[in-house]
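Data block below; observations after.
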């Protein structure tokens, strides 16, 4: 029984998510308020 290889997929995912900076708590809160208030 062969198991599908997921390493390439995981590597691709990690590469893609590392393209973006992690939000601070303040940035996340500000964006959440903006989304709730303006749906934007």
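Numbering (this note's numbering), first residue to last: 1392 to 1431.
By construction, the Cβ of each residue, glycine as well, lies at the ideal position given by its N, Cα and C atoms.
Owing to the predicted nature of the structure, the values given are computational and were not obtained by experimental measurement.
When DSSP states are grouped into helix, strand and coil, residue 1408 belongs to the helix group. Across the structure, residue 1415 and residue 1407 are spaced so that their CA atoms are roughly 19 Å apart.
Taken through DSSP and simplified to helix, strand or coil, residue 1402 comes out as helix.
In the three-state DSSP reduction, residue 1422 falls in the helix class (H, G or I).
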